[in-house]
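First comes the structure, then the notes that go with it.
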Amino acid sequence: MTKKTNLNLSIKNRLLIQLGFVAFAISLCVFLITRIVVSQAITATQDGLLTTSIQSVIDKIYVVENTVSVDLPYDTFSLLGAVGEDRIFYRIDESGQFLTGYSDFPMPNKFGNIQEPEFSNLKYMGETLRMAAIENIVFAMDKPHELRIIIAQSQNFQKSIASRISSNLILITFFFFMIAILFAFLTANLTIKPIDLFAKDVKMRGPNNLRKVSVDVPTELRPLAQSLNEFISRFRSTLRQTETFIAEAAHHIRTPLSVVKSESELALRKSKTPENRERLRTIIKSVDQTNRSASQLLDHAMVLYRAERPEPEEFSIQHAISEIVTQFKLAADLRDLDLIFSTEVSAKETVHLDRTLFETSVRNLLDNALKYALAETLIIVEFSQTKNNFRLTIKNEYLSAPFLDQKQLFKKFKRGEQTREIIGSGLGLSIVMEAVSAIGASIDIRKIKGDIVCATLLVPY
Ligand SMILES: Nc1ncnc2c1ncn2[C@@H]1O[C@H](COP(=O)(O)OP(=O)(O)OP(=O)(O)O)[C@@H](O)[C@H]1O
Ligand SMILES: [Mg+2]
Numbered sequence: 001m002t003k004k005t006n007l008n009l010s011i012k013n014r015l016l017i018q019l020g021f022v023a024f025a026i027s028l029c030v031f032l033i034t035r036i037v038v039s040q041a042i043t044a045t046q047d048g049l050l051t052t053s054i055q056s057v058i059d060k061i062y063v064v065e066n067t068v069s070v071d072l073p074y075d076t077f078s079l080l081g082a083v084g085e086d087r088i089f090y091r092i093d094e095s096g097q098f099l100t101g102y103s104d105f106p107m108p109n110k111f112g113n114i115q116e117p118e119f120s121n122l123k124y125m126g127e128t129l130r131m132a133a134i135e136n137i138v139f140a141m142d143k144p145h146e147l148r149i150i151i152a153q154s155q156n157f158q159k160s161i162a163s164r165i166s167s168n169l170i171l172i173t174f175f176f177f178m179i180a181i182l183f184a185f186l187t188a189n190l191t192i193k194p195i196d197l198f199a200k201d202v203k204m205r206g207p208n209n210l211r212k213v214s215v216d217v218p219t220e221l222r223p224l225a226q227s228l229n230e231f232i233s234r235f236r237s238t239l240r241q242t243e244t245f246i247a248e249a250a251h252h253i254r255t256p257l258s259v260v261k262s263e264s265e266l267a268l269r270k271s272k273t274p275e276n277r278e279r280l281r282t283i284i285k286s287v288d289q290t291n292r293s294a295s296q297l298l299d300h301a302m303v304l305y306r307a308e309r310p311e312p313e314e315f316s317i318q319h320a321i322s323e324i325v326t327q328f329k330l331a332a333d334l335r336d337l338d339l340i341f342s343t344e345v346s347a348k349e350t351v352h353l354d355r356t357l358f359e360t361s362v363r364n365l366l367d368n369a370l371k372y373a374l375a376e377t378l379i380i381v382e383f384s385q386t387k388n389n390f391r392l393t394i395k396n397e398y399l400s401a402p403f404l405d406q407k408q409l410f411k412k413f414k415r416g417e418q419t420r421e422i423i424g425s426g427l428g429l430s431i432v433m434e435a436v437s438a439i440g441a442s443i444d445i446r447k448i449k450g451d452i453v454c455a456t457l458l459v460p461y
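With the first letter of the sequence shown counted as 1, position 400 gets the number 400 in the numbering used here; the numbers rise by one all the way through.
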């Protein structure tokens, strides 16, 4: 379960989390290191001051009549104490004997010399002190006197500087962290951009778009793009083989079929018995049915092929429609249908699309209207122009029987129950759908009031 969530996390979020952690770790390190360096610098300054005061104490040591005396440098002490209102403690011992200062001040274990005093921290009277301790030998009358001098200072000043620097440092570190997060965000966006573009390129294409994807992608994505392109071209060639096969098969079937049809018609004319005539009529109908299926299969293969590689051209849409309507006039007359075409669109209006695909759609729609219209009724073809589209509507009267729903209408080989007697393959509307989506148009067929079937084709311009 955890593994799945992990996998689903977007690359951008992963990058953001990782870079965020790195930015946080760097900020923390910078904060800690700067704090350590600053406190070391403050301690070094304090140690310098303590060394100077010890030196000024030593300067004031003198020997009078074999006795060691010290004049305490109060001016130095008061200067030391004035810094941050710190307290100063001192203790001077001579050869293990307490001489002056704070008698209960603890003695350290180690002592340094004037050049390098021994520094340490200790707690005394409830305060943390920084202490410098030295051991110095003074000769009086050739007798060595071992002097131990301790000077300690409270750390108020050090603490106040450290806390002031710390609060500034927190602000600076936070600012640094925010800038680092901003950079992390920009980096994540920049890194993800080529992947996003690639994903969009693949996502935007419809299921029929078998164009190769661009290989102008980052090196890491190149194997994926290449595999995808290999897959697409393999798929394309399989599809083309199937289409060519169907088209050739349909073509090969049509020629012998027309021979069968003409022979059967001849036999029908010469036939004497009603049984034979009936049989021959059934044969002719089946031949017609097979012929229709073969030509629709051929059309279907052609539409699929062109949908993949449309050949757009500029043409007058009104002119193209009226030509097709004229071609259908004769067929309409044969069925006693009145085919009426009206339009207010100028013949000068042009569109830029694959003419064959457009005309195939219109032909199939008109063919349906003529085939399924009730005899001696009107077929109304209207062509108009709306805000964004050219709109072609074809209306024909139909039985008051239930009509196929939208989904089934466009399915391959799906035919209405009431129209089984009429020759057809059930491929017409699926051809229309393929062609229409290839030219970016849309189609809608529904039964409207008064048992009228209305097909609406919208072509954007
Ligand atoms: N204008 C229409 N009026 C009434 N029914 C229609 C109309 N157009 C389509 N249909 C119904 O939708 C079904 C599917 O139509 P489609 O054009 O796909 O196939 P077909 O006309 O049966 O065969 P083909 O067009 O391949 O010869 C038809 O069988 C018919 O029942
Ligand atoms: Mg049809």
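Yeah, the Cβ is synthetic: ideal placement off N, Cα and C, and Gly gets one too. The structure displayed is predicted, hence computed values, not measured ones.
Hey, would you say residue i sits closer than 8 Å to residue j, going by beta carbons?
i      : j      : result
Pro460 : Ala441 : yes
Ile58  : Ile150 : no
Lys395 : Leu404 : no
Ile137 : Gly112 : no
Tyr398 : Ile431 : no
Ala401 : Pro310 : no
Ala162 : Ile11  : no
Phe177 : Ala23  : yes
Val345 : Gln318 : yes
Ala320 : Phe358 : yes
Leu337 : Leu370 : yes
Gln296 : Leu427 : yes
Arg292 : Ile192 : no
Ile35  : Leu171 : A quick correction: the sequence has Arg, not Ile, at residue 35. No. Outside cutoff.
Tyr485 : Pro108 : Since the first residue of the chain shown is 1 and the last is 461, residue 485 is not available in this structure.
Val213 : Asn189 : no
Leu50  : Ile92  : no
Ala247 : Met204 : no
Between the options, which has its C-alpha nearest residue i's C-alpha?
i      : options                           : result
Phe89  : Gln97, Arg363 and Ser154          : Ser154
Pro194 : Arg222, Ile179, Phe175 and Asp333 : Arg222
Gln241 : Leu304, Phe198 and Leu197         : Leu304
Cys454 : Ile61, Thr128, Gly428 and Asn368  : Asn368
Thr219 : Pro73, Phe198, Asn209 and Phe31   : Phe198
Thr187 : Ser167, Leu210, Arg292 and Ile17  : Ile17
Val30  : Thr100, Ile92 and Ser166          : Ser166
Glu497 : Glu230, Lys212, Val213 and Leu298 : Outside the displayed range of the chain (1 to 461) lies residue 497, so it cannot be described from this structure.
Tyr372 : Gln418, Leu409 and Glu94          : Gln418
Leu72  : Thr343, Leu80, Lys60 and Ser120   : Lys60
Arg87  : Thr360, Gly450 and Gly126         : Gly126
Arg281 : Thr273, Lys272 and Ser264         : Ser264
Gln385 : Lys348, Gln97 and Gly48           : Lys348
Thr393 : Arg254, Val351, Phe341 and Leu429 : Phe341
Using three-state DSSP, classify residue i as helix, strand or coil.
i      : result
Thr386 : coil
Pro497 : Residue coverage of the chain in this structure runs from 1 to 461, which leaves residue 497 outside it and unanswerable.
Lys4   : Caution applies to Lys4, whose pLDDT of 48 falls short of 50 and renders its modelled position unreliable; the value that the coordinates give is listed next. Helix.
Val38  : helix
Glu65  : coil
Asn136 : strand
Arg91  : strand
Phe403 : coil
Ser78  : helix
Lys329 : helix
Thr173 : helix
Gly450 : coil
Lys159 : helix
Phe198 : helix
Val217 : coil
Val345 : coil
Phe98  : strand
Lys411 : coil
Arg504 : Examination of residue 504 is not possible in this model, given that the chain is present from 1 through 461 alone.
Leu210 : coil
Glu237 : Here the sequence assigns Ser to residue 237, which means Glu is not the residue at that position. Looking at Ser237 - three-state DSSP - the assignment turns out to be helix.
Can you name the residues that DSSP bridges to residue i?
i      : result
Arg205 : Beta-bridge pairing links Arg205 to no other residue.
Phe121 : Rather than Phe, the amino acid found at residue 121 in this sequence is Asn. Answer by DSSP bridge pairing, in chain order: Arg130.
Gln153 : Ile88 and Arg130
Asn396 : Ile379 and Val453
Ile444 : Sequence check: residue 444 is Asp here, not Ile. Partner(s): Thr456.
Leu353 : Glu313
Arg148 : Asp93 and Glu135
Ile340 : Ile380
Gly112 : Ile134
Lys143 : Ala140
Arg14  : DSSP, once it has assigned bridges, lists no residue as partnering Arg14.
Val70  : Ile61
Check: Near ligand 4, which residues have their beta-carbon less than 6 Å from any of its heavy atoms, given in chain order?
Finding: In the structure shown, ligand 4 is absent; the only ligands present are ligand 1 and ligand 2.
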